[in-house]
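Trainee:
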Amino acid sequence: KNPQAFRRLFMLIASQTGDLTNFSNWAETLGISVNTVIQYLNVLEESHVIRLVPPYVGGKRAEITSRPKIYFLDNGLRNFLFGGFASLQNRPDLGKLAENLVFSEVCKYTDPLLDAVHFWRSSSQAEVDFVLVRKNALIAIEVKATAMKKPKISRSLRSFIQAYKPQIAFVVNTGLQTELTANKTSVRFILGSDLADRLSVMAP
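Written as structure tokens, this is what we have:
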């Protein structure tokens, strides 16, 4: 009904990839209703352009339990709309780019009928980028856009491990490959290029 607002929304969500959604702010910015924003997002999701990722709710009172995050299934389309195609060294949005790339890889190796992809965030701002629920297995994924020189488990990931005891936690980065154990959880530091192989060999 409003192609101009639809296009502006498309560009707006490209600039806020990986952020918590705020439908009210988007509606106000675009001069349309919240219901219209939701309808347009539904069109994009049903067209397999974007994916709304809900928070992981494991029963802890301190969790944020309502607002989803939004990602593109195609990083190239996201870059066309926002960020361009400059080299990684000149990208102010490098973190968002890396996070969206990992999300698209996760989607390739998960079954939408059997698996569920979430993120986790607490009211104290502890956050894990992705939480994959696969049958009875819980897998945490943290994304680092830069190379890591030493294996270090972040405070947020450690909080999630202590609370939910996932079987595996991947820390995706650009330089470090090693493995640690925290509270009986295998924490594996891997390259982004290896994530697909790691997920593909894990039985759904």
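In our numbering, each number is its position in the sequence shown, counted from 1, plus 504.
For each residue, glycine too, the CB sits at the ideal point set by N, CA and C.
Closer than 7 Å by C-beta to arginine 662: which residues in its own chain qualify, once you throw out the five before and the five after it? Chain order, please.
Mentor: Locating residue 662 in the sequence shown gives position 158, where the first residue counts as 1. These residues qualify, in order along the chain: Ala686.
Trainee: If contacts are defined as beta-carbon pairs under 8 Å, then glutamate 646 and valine 610 qualify, I think. What distance do you get, rounded to the angstrom?
Mentor: Position 142 of the sequence shown, counted from the first residue, corresponds to residue 646. Position 106 of the sequence shown, counted from the first residue, corresponds to residue 610. Rounded to whole angstroms, the Cβ separation of glutamate 646 and valine 610 is 12 Å, and the two are not in contact under 8 Å.
Trainee: Between the C-alpha atoms of arginine 692 and glycine 522, what's the straight-line distance to the nearest angstrom?
Mentor: As a working mapping, residue 692 is identified with position 188 in the sequence shown. As a working mapping, residue 522 is identified with position 18 in the sequence shown. Going by the C-alpha atoms only, they are around 23 Å apart.
Trainee: Tell me the residue span of the beta strand (DSSP E) that contains asparagine 677.
Mentor: Here residue 677 is taken as the residue at index 173 of the sequence shown, counted from 1. Per DSSP, asparagine 677 belongs to the beta strand (DSSP E) from 672-677.
Trainee: What separation, rounded to the nearest whole angstrom, lies between the Cα atoms of isoleucine 542 and isoleucine 517?
Mentor: The sequence position of residue 542 within the sequence shown is 38, counting from 1. The sequence position of residue 517 within the sequence shown is 13, counting from 1. Distance between the alpha carbons of isoleucine 542 and isoleucine 517 is about 12 Å.
Trainee: Considering only residues of the same chain and omitting the five flanking positions on each side of proline 708, which have a CB-CB separation below 8 Å?
Mentor: Within the sequence shown, numbered from 1, the residue matching residue 708 stands at position 204. Legend: pLDDT at proline 708 = 43, less than 50; position of this residue unreliable, no value from coordinates given.
Trainee: On a CA-only basis, which of Ile665, Ala630 and Thr678 is nearest alanine 651? Give me that one, please.
Mentor: As a first step, residue 651 must be located in the sequence shown, where it is residue number 147. If we check each option's Cα against that of alanine 651, Thr678 comes out closest.
Trainee: For arginine 659, does the count of other Cβ atoms within 10 angstroms reach 16, so buried, or fall short, so exposed?
Mentor: The residue labelled residue 659 in the question sits at position 155 within the sequence shown. By the 10 Å Cβ count, arginine 659 comes out exposed.
Trainee: Measuring only the C-alpha atoms, how far is glutamine 681 from lysine 688?
Mentor: Against the sequence shown, residue 681 aligns to sequence position 177. Against the sequence shown, residue 688 aligns to sequence position 184. Roughly 19 Å between the two C-alpha positions.
Trainee: Looking only at its chain, what residues have a beta carbon closer than 8 Å to the beta carbon of arginine 702, apart from the 5 residues adjacent to it on each side?
Mentor: The residue you call residue 702 lines up with position 198 of the sequence shown. Around arginine 702: Phe674, Arg692 and Ile694.
Trainee: Quick test of your reading: proline 524 and arginine 582, contact by CB under 8 Å. State the CB separation rounded to the nearest angstrom.
Mentor: Numbered from 1 along the sequence shown, position 20 holds the residue referred to as residue 524. Numbered from 1 along the sequence shown, position 78 holds the residue referred to as residue 582. Per the sequence shown, residue 524 should be read as leucine rather than proline. Not a contact, Cβ separation roughly 17 Å.
Trainee: Please tell me whether, using a cut-off of 7 Å, the distance from the CB of glutamine 671 to the nearest non-hydrogen atom of the ligand SAM is below it.
Mentor: No copy of the ligand SAM occurs in the structure displayed, which carries no ligand at all.
Trainee: Should phenylalanine 664 go down as buried or exposed, given a rule of 16 or more other Cβ atoms within 10 Å for buried?
Mentor: In the sequence shown, counting from the first residue as 1, residue 664 sits at position 160. With 16 or more Cβ atoms within 10 Å of its Cβ, phenylalanine 664 is classed as buried.
Trainee: Cβ of tyrosine 544 less than 8 Å from any chain B Cβ?
Mentor: The displayed structure is made up of one protein chain only, and chain B is not part of it.
Trainee: Mind checking whether arginine 512 and leucine 548 have CB atoms under 8 Å apart?
Mentor: What you label residue 512 is simply residue 8 of the sequence shown in a count that begins at 1. What you label residue 548 is simply residue 44 of the sequence shown in a count that begins at 1. Not a contact, by the Cβ cut-off of 8 Å.
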